[in-house]
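Notes for the one structure printed next.
4 protein chains.
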Amino acid sequence: MVAVTKNGRSAPTSERRDELLAIAARLIATRGFSATTVRDVADEAGILSGSLYHHFSSKEAILAELLKRFMTTLLDRFEKIAAETDSPREALDLLVDQAFRTIESEPDAVGIYQNESSFLATQQGFEFVSEHSARIEQIWMTAIRDGQASGDFRASVDPAITYRFIRDSVWATGRWFRPGGRHTAESLSAHYLDFLHQGLLAD
Amino acid sequence: MVAVTKNGRSAPTSERRDELLAIAARLIATRGFSATTVRDVADEAGILSGSLYHHFSSKEAILAELLKRFMTTLLDRFEKIAAETDSPREALDLLVDQAFRTIESEPDAVGIYQNESSFLATQQGFEFVSEHSARIEQIWMTAIRDGQASGDFRASVDPAITYRFIRDSVWATGRWFRPGGRHTAESLSAHYLDFLHQGLLAD
Amino acid sequence: MVAVTKNGRSAPTSERRDELLAIAARLIATRGFSATTVRDVADEAGILSGSLYHHFSSKEAILAELLKRFMTTLLDRFEKIAAETDSPREALDLLVDQAFRTIESEPDAVGIYQNESSFLATQQGFEFVSEHSARIEQIWMTAIRDGQASGDFRASVDPAITYRFIRDSVWATGRWFRPGGRHTAESLSAHYLDFLHQGLLAD
Amino acid sequence: MVAVTKNGRSAPTSERRDELLAIAARLIATRGFSATTVRDVADEAGILSGSLYHHFSSKEAILAELLKRFMTTLLDRFEKIAAETDSPREALDLLVDQAFRTIESEPDAVGIYQNESSFLATQQGFEFVSEHSARIEQIWMTAIRDGQASGDFRASVDPAITYRFIRDSVWATGRWFRPGGRHTAESLSAHYLDFLHQGLLAD
DNA sequence: CATGAATGAGGATTCATTCAT
DNA sequence: AATGAATGAATCCTCATTCAT
């Protein structure tokens, strides 16, 4: 997707590589990392399993690259929202919205993030997972806290817990939301924000 | 832990068996089913991996037993709440409360349920997973719909989506909630219900 | 060889293990470590290659155990000679003699020692190789130096170089000496000592 | 390094080829042939492993070329010494001297020769190894036998065994001798010859 | 109830080699 | 003269499972 200079030097990106990453992402999101074999990925790509090692140094390296790309992009987007928005309420709305859009555009990465990140956070070579997660948490919690300070949000809720409640219900959407059905990222987002703002009780 | 001896049969339940199940549950909850080896479990139990087969017919059988016990108990509890409660709002509160208590008392089973159930739903021998899930969904959605009908809950929210939002944020709590810290199941439950009822916005 | 208590606890030794080690030693001595496959060893033992891992944690672990056993025994023998012998000349003779006897009784281990030890000395997990080698060198060089001090050996030779000359020609014997032929350890030893003592020139 | 262009043929010799051979020699001498991968060599040369096949037809071909060059040159030198020297004692001294000089000038080839030749002797395509070795042995043993016949060398030593003792201690020097340290080929050679001639015992 | 030895299938990975570009 | 992608076979190792003791 990202435009890459066509001179192949320094290896990190190539079209073939991206294809393989996409295939791996889909399988890993579906079956889980440890239940996905290198051969599964290679088969799907129409090559032999050993040939994958021409592109990646290990199965773990595939996962790392997948997650790093995803989390870096995501963090960038969140940081941009935080930087460009003044109203905490609007910021939170935009963060939620961005999350739903991400679920729609990169469902596999989201799935992997949800399923594997908690375990990976402690693994060598995956330090970036907890680092990025921490920075994302900061952005969201700042929005919540600022909203409480400004009087937009109720002061009685615990911001840390509330962040987690929101985060979990939003991202978990990726497990059942399939674009092309009754819902779109937009409709889900609108629905969720209404629910988030007003709660469940009738007045 | 709970002595389950309602049927007088000899083999299926024994203390050793329960210990082994608890060990397996912990490991599977932490690493995931496919990343947990029979040997991991045996090591933790202080026996050789082959010896596990004296107690269980297969690795899958362990998982099945774990999940079946958990889901059966959980469904029972939910059904009891549905049967004994008249007010939909109270019913939903009690369901949420029950979920948090379950997270507190059986964190491993909850973790496994979350991580593996979506994949297992389609696996042979795990039909009970989707069956039980469907019945649980019915109970919760009935509470939501009844609450909308009675005027307790806002009619504008989609009950199916709302159910998922609630379900996901509640169960996901199991990923970060560790008893013994700042929170108890009770405090979390209270917190969540307040958030659920009123939403985030200040009046 | 070494009598082992029959209670199998703490695993380190068993008859089967010893058999497998002997097989591995023979193959590794013949083909070299890296050219010997785990399957080669297993085939020779009449089991599947994976079954070897019931006994050893890795191919490297086999090599390490082989070398450690060998070098420990060897060092013990050398130390005993050094401790029990007063005359430096007799000590050196006995050391040489012991070396030839070791070549005769454990040709495979000697071969492995010669072929692999220089490379292994720097490898993790093989620190004992250089440690033992250093202590062996000390024993031999002490004999040489003491012999020079006592006037038994010519003072003009460099003890360090002389040690290496002796060591290399003695151990290299293992590459061509096959018991059962024209020579025995005893005859070789006698021959070598004569050559060592008097040199090549006629008076 | 040495420009070998005596035959006008185009392909077989080129500077690049020689560089690659030198790199391969160093690695093979250090790690052993089977533990040195084609990729190791290519990496060190700054090219891709496949590109090596532009220069050599196989990994074995590299080894063969390396050894053939070395052994041919060596045999030539030994033959020249044998042809040009009358006194057996002087011949042996010169042979020894030549060996030390060769160790100094071509340490990698010497290392490979020592480590791999015994195994290779039986391999197809490496018949020249045993052939050359046999001719070298003949030259040395002739010097020894002639020296015994002339009364220069002691008649009581077995020429075959003595040859091996000498050969092994001389060539093994290559394992520890690094030019630039305390010793040179000359000093080592002098030292060894003194030791060889007189033996270790004081008069 | 557990051990210890093994199986057989499959797992990730390596590696020499090929070939179109 | 080299790349980059791939092959095919082999490598080390893992793992669920079996079974005689």
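Protein chains in written order, with UniProt numbering: chain S, 1 to 203; chain V, 1 to 203; chain Y, 1 to 203; chain D, 1 to 203. Here a beta-carbon is modelled for each residue, glycine too, at the ideal position from N, C-alpha and C. Model, not experiment: these values are computed from the prediction.
Residue-level contact to chain S via CB, residue i, 9 Å cutoff
| i | result |
| --- | --- |
| G180 of chain V | no |
| L188 of chain V | yes |
| L92 of chain V | yes |
Three-way DSSP call (helix, strand, coil) for residue i in this model
| i | result |
| --- | --- |
| L48 of chain V | coil |
| H197 of chain S | helix |
| F153 of chain Y | strand |
| T30 of chain V | helix |
| R69 of chain V | helix |
| S133 of chain D | helix |
| P179 of chain V | coil |
| F128 of chain Y | helix |
| S189 of chain Y | helix |
| Q138 of chain D | helix |
| A202 of chain V | coil |
| Q148 of chain S | helix |
| Q123 of chain V | coil |
| T184 of chain Y | coil |
| T102 of chain S | helix |
| D43 of chain Y | helix |
| D86 of chain D | coil |
| H54 of chain V | helix |
Test: residue i CB closer than 9 Å to a CB of chain Y
| i | result |
| --- | --- |
| G46 of chain D | no |
| F100 of chain D | no |
| S86 of chain D | The residue you asked about is not Ser; residue 86 of chain D is Asp in the sequence shown. Taking Cβ atoms only, chain Y never reaches closer than 9 Å to D86 of chain D, which makes this a no. |
| R77 of chain D | no |
Contact set for residue i: own chain, Cβ-Cβ below 7 Å, skip 5 residues either direction
| i | result |
| --- | --- |
| F70 of chain D | E106, A109, Y113 |
| A42 of chain S | L48, S49, S51, L52 |
| N115 of chain Y | G32 |
| K59 of chain Y | V38 |
| L75 of chain V | H132, R135, I136 |
| T102 of chain D | L74, V110 |
| P179 of chain S | E104 |
| R26 of chain D | D108 |
Segment limits, alpha helix (DSSP H) that includes residue i
| i | result |
| --- | --- |
| T162 of chain Y | 159 to 172 |
| F119 of chain Y | 107 to 120 |
| T37 of chain D | It is not in any alpha helix (DSSP H) - T37 of chain D carries neither H nor E in the DSSP assignment. |
Residue-level contact to chain V via CB, residue i, 9 Å cutoff
| i | result |
| --- | --- |
| N7 of chain S | Any reading at N7 of chain S must be qualified, since the residue scores a pLDDT of 33, below 50, and its modelled position is unreliable; no value is offered. |
Cβ of residue i within 9 Å of any chain D Cβ
| i | result |
| --- | --- |
| D194 of chain Y | yes |
| A202 of chain Y | yes |
| A3 of chain Y | Model confidence at A3 of chain Y stands at a pLDDT of 33, short of 50, so the residue's coordinates are unreliable and nothing is read from them. |
Residues of its chain near residue i, where Cβ-Cβ distance is below 6 Å and the 5 sequence neighbours each way are ignored
| i | result |
| --- | --- |
| F126 of chain Y | L120 |
| A29 of chain V | D108, G111, I112 |
| S130 of chain V | A121 |
Same chain, Cβ closer than 8 Å to residue i, neighbours up to 5 away in sequence not counted
| i | result |
| --- | --- |
| I23 of chain V | V41, E44, A45 |
| Y163 of chain V | E137, W140, M141, I144 |
| L193 of chain V | D93, V96, D97 |
| R154 of chain V | Q148 |
| S169 of chain V | Y192 |
Closer than 8 Å: residue i CB and nearest the ligand PLP heavy atom
| i | result |
| --- | --- |
| S133 of chain Y | The model depicted lacks the ligand PLP and carries no ligand whatsoever. |
### Task
Scan the stretch 123 to 157 of chain V for residues whose Cβ lies nearer than 9 Å to a Cβ of chain S and list them as they occur along the chain.
Those residues of the stretch 123 to 157 of chain V that come within reach of chain S (Cβ to Cβ, closer than 9 Å) are I144, G147, Q148, G151, D152, F153, R154, A155, S156, V157.
#### Entry: Members of the stretch 161 to 176 of chain Y that neighbour chain D once the beta carbon cut-off is set at 9 Å
Cβ contacts with chain D: I161, T162, R164, F165, I166, R167, D168, S169, V170, W171, A172, T173, R175, W176.
### Query
the stretch 102 to 120 of chain V: which residues have C-beta closer than 8 Å to a C-beta of chain S, in chain order?
Taking 8 Å as the Cβ-Cβ cut-off against chain S, the residues of the stretch 102 to 120 of chain V that qualify are N115, S118, F119.
### Task
Residues of the UniProt domain "HTH tetR-type" (14 to 74) of chain V with a CB closer than 7 Å to any CB of chain S: list them in chain order, please.
Per Cβ criterion, the list reads R31, G32, S34, A35.
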